[in-house]
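Please read the structure below before turning to the comments.
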Amino acid sequence: MKNEELDRIIEKSFKVEPGFKLPVDFAQKLTMKVIGREQWKTDLREYLLLSGVLLSLLLAASGFYYFVDKAFVLKVFAFLSSNLVPVISVVFILNFIFFTDKVILRYLFSRWSSGTKQKGKSAFF
Amino acid sequence: MNDAELINQILNGNMNAFTFLVNRYQKLVVHITGRLIQRQDELEDICQEVFMKVFQNLSKYRNESKLSTWIATIAYNTSINYLRKFKKGDEVNPDDSAALRNLTDYRSDEFEKADLHRYIRDQIELLPVQYRTVLTLFHLEEFSYQEIEQITGMPEGTIKSYLFRAKALLREKLKFVVDEDSLKLVKEITNEK
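The listed protein sequences derive, respectively, from chains A and B. Numbering-wise (the numbering used here), the first sequence opens with residue 41 and increments by one. Numbering-wise (the numbering used here), the second sequence opens with residue 507 and increments by one.
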């Protein structure tokens, strides 16, 4: 058997595509996933930014009011420190509602809508 | 649309452009990833990981290399990491005698026209991972030696050596299984295609 002939056969076989395949809608599914991920990141960033702004405003307002009515501010701080557990609970609940509204609900909604789209597509085809 | 325009569109938030990019390069990624990991059930997840990395790092891409080379590099590194993670690291260091033993036995009297290309393709899948990589990049994707060097980090000499040795291994194997009669069939097939 001649080596050149074998080489020719082998070279030709090298050009044959391997039998690995991806689903037809791979690109669409992937894009939806990327959009979802980016949306999640944006929502989380937005939530952190808004929380930061709210906290800064609160601190600035109490700082400003400290110079106007020192006694009142001290009274408020005394009230807060004597009712630490209920105050923390209220802050936690408010924060949770805010987080759910800004991040979790949006995430669940986008997942639900992309799931419906996928189902709709497969039902259509 | 050329690659530079495509990247600009994606960076400006056009997700249809990203779908377009995935469609354009998914064959390249499937060939590299598939040949390296050889698992159809894991292929989709790994290809997804590759394109996620492409998307996340697209802003860092500089036009120093072709986009296909850059994507191929990500696909190669992701696949190699997968192989290392699942303890297939021994496969990364090729040993020709072991590779030759790995190639399946095939008697010439079983040789049939329709089986020929599948047989050789199966033998390629049995080669060590580095051989499969350079064969895929050089012959199937038609990257140059320099580009393969950029993708895999192997020196040019090593790439050439792997290409030569892979071919030599397959030639050795075929010599034993393909007789003169079969070669006539082979000629017929290659003339047909």
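Ideal placement from N, C-alpha and C gives every residue a C-beta, glycine not left out.
Practice task
Find the residues of chain B that neighbour A/Leu84, judging by a C-beta separation of less than 7 Å, and give them in chain order.
Solution key: Residues of chain B passing the Cβ test: none, with the nearest at roughly 16 Å.
Handout entry: Span separating the alpha-carbon of B/Thr642 from that of B/Ala523
Key = Taking the straight line joining both Cα atoms gives about 27 Å.
Exercise for the section: Starting from A/Pro126, follow the alpha helix (DSSP H) in both directions and report where the run begins and ends. Expected result: Residues Leu124 to Phe139.
Handout entry: Contacts that B/Thr525 makes with chain A (C-beta to C-beta distance below 9 Å)
Key = The contacting residues are Ala67, Gln68, Leu70 and Thr71.
Problem - Length of the line joining the Cα atoms of A/Phe60 and B/Ile543 - result: Rounded to whole angstroms, A/Phe60 to B/Ile543 spans 11 Å at the Cα level.
Practice task
Kindly indicate if chain B contains any beta-carbon less than 9 Å away from that of A/Ser121.
Solution key: Not one chain B Cβ lies under 9 Å of A/Ser121.
Handout entry: Contact list for B/Gly540 against chain A, beta-carbon separation under 7 Å
Key = Residues of chain A whose Cβ lies closer than 7 Å to the Cβ of B/Gly540 are, in chain order, Pro58 and Phe60.
Practice task
Would you decide whether B/Gln652 is buried or exposed? Buried here means 16 or more other CB atoms lie within 10 Å of its CB.
Solution key: So B/Gln652 counts as exposed.
Handout entry: Euclidean distance between Cα positions of A/Val116 and A/Asn123
Key = Their Cα atoms are separated by approximately 11 Å.
Problem - For A/Ala74, the first and last residue of its enclosing alpha helix (DSSP H) - result: The sequence given here has Val at residue 74 of chain A, not Ala. Run containing A/Val74: Phe66 to Val108, per the alpha helix (DSSP H) assignment.
Exercise for the section: Report yes or no: is there a C-beta of chain A within less than 9 Å of the C-beta of B/Met660? Expected result: For B/Met660, the nearest beta carbon of chain A is not closer than 9 Å to its own beta carbon.
Exercise for the section: Go through its chain and collect everything with a Cβ distance to B/Thr575's Cβ below 8 Å, but skip five positions before and after it. Expected result: Phe649, Glu653, Gln656 and Ile657.
Exercise for the section: Please check if any C-beta of chain A sits within less than 9 Å of the C-beta of B/Thr664. Expected result: When Cβ-Cβ separations below 9 Å define contact, B/Thr664 makes no contact with chain A.
Exercise for the section: Please list the residues of the stretch 647-658 of chain B that have a C-beta atom closer than 8 Å to any C-beta atom in chain A, keeping them in chain order. Expected result: For the stretch 647-658 of chain B, the set of residues with a beta-carbon nearer than 8 Å to any beta-carbon of chain A is empty.
Exercise for the section: Thinking B/Lys559 and B/Ile538 are a contact (beta carbons under 8 Å), I'd like their distance in whole angstroms, please. Expected result: Going by Cβ atoms, the distance from B/Lys559 to B/Ile538 rounds to 13 Å, so no, they are not a contact pair.
Practice task
Note down, in chain order, each residue of its chain lying with its Cβ closer than 8 Å to the Cβ of B/Thr584, except the 5 sequence neighbours on either side.
Solution key: Around B/Thr584: Thr539, Ile552, Glu555, Val556 and Lys559.
Problem - The alpha helix (DSSP H) enclosing A/Ile144, as first and last residue numbers - result: No alpha helix (DSSP H) holds A/Ile144; DSSP gives it neither H nor E.
Problem - Closer than 9 Å to chain B by CB, A/Ser150 - result: At a cut-off of 9 Å, the C-beta of A/Ser150 has no neighbouring C-beta in chain B.
Exercise for the section: Take the Cβ of A/Tyr106 as the centre, count every other Cβ of all protein chains shown within 10 Å, and call the residue buried at 16 or more, exposed below. Expected result: Residue environment: A/Tyr106 is assigned as exposed (fewer than 16 neighbouring CB atoms within 10 Å of its CB, all protein chains considered).
Exercise for the section: Under 8 Å by Cβ, that's how I've got B/Leu676 and B/Val635 pegged, so tell me the actual separation to the nearest angstrom. Expected result: A Cβ-Cβ distance of about 16 Å is found for the pair B/Leu676 and B/Val635, leaving them out of contact under the 8 Å criterion.
Practice task
Under 7 Å Cβ to Cβ from A/Phe164, same chain only, skipping five residues before and after it: list those, please.
Solution key: Here the model assigns A/Phe164 a pLDDT of 38, short of 50, so the residue's position is not dependable and the matter cannot be decided.
Practice task
Helix, strand or coil for B/Leu675, going by three-state DSSP, please let me know.
Solution key: In this structure, DSSP gives B/Leu675 a helical state, which the three-state scheme calls helix.
Problem - For B/Arg638 and B/Tyr668, the rounded distance between their alpha carbons - result: When rounded, the distance between both Cα atoms is 9 Å.
Handout entry: Interface residues of the stretch 548-560 of chain B facing chain A [CB-CB below 9 Å]
Key = The residues in question are Leu549, Glu550, Cys553, Gln554, Phe557 and Met558.
Handout entry: For A/Thr82 and B/Phe644, the rounded distance between their alpha carbons
Key = Going from the Cα of B/Phe644 to the Cα of A/Thr82 covers about 41 Å.
Handout entry: Any C-beta of chain A under 9 Å from that of B/Lys619
Key = Unreliable positioning characterises B/Lys619 in this predicted model, as indicated by a pLDDT of 49, which lies under 50. The coordinate reading is nonetheless provided below. It does not: the Cβ of B/Lys619 has no partner Cβ on chain A nearer than 9 Å.
Exercise for the section: Compare the beta carbon distance of A/Leu95 and A/Val143 with 9 Å and say whether it is the shorter of the two. Expected result: Contact: no.
Practice task
Return helix, strand or coil for A/Ser150, following the three-state DSSP convention.
Solution key: A/Ser150 carries a helical assignment under DSSP once its states are collapsed to helix, strand and coil.
Practice task
Return helix, strand or coil for B/Lys699, following the three-state DSSP convention.
Solution key: Its pLDDT being 43, under 50, B/Lys699 is placed unreliably in this model, and the value from its coordinates should be taken loosely. Shown here, B/Lys699 sits in coil according to DSSP, grouped into three states, outside any helix or strand.
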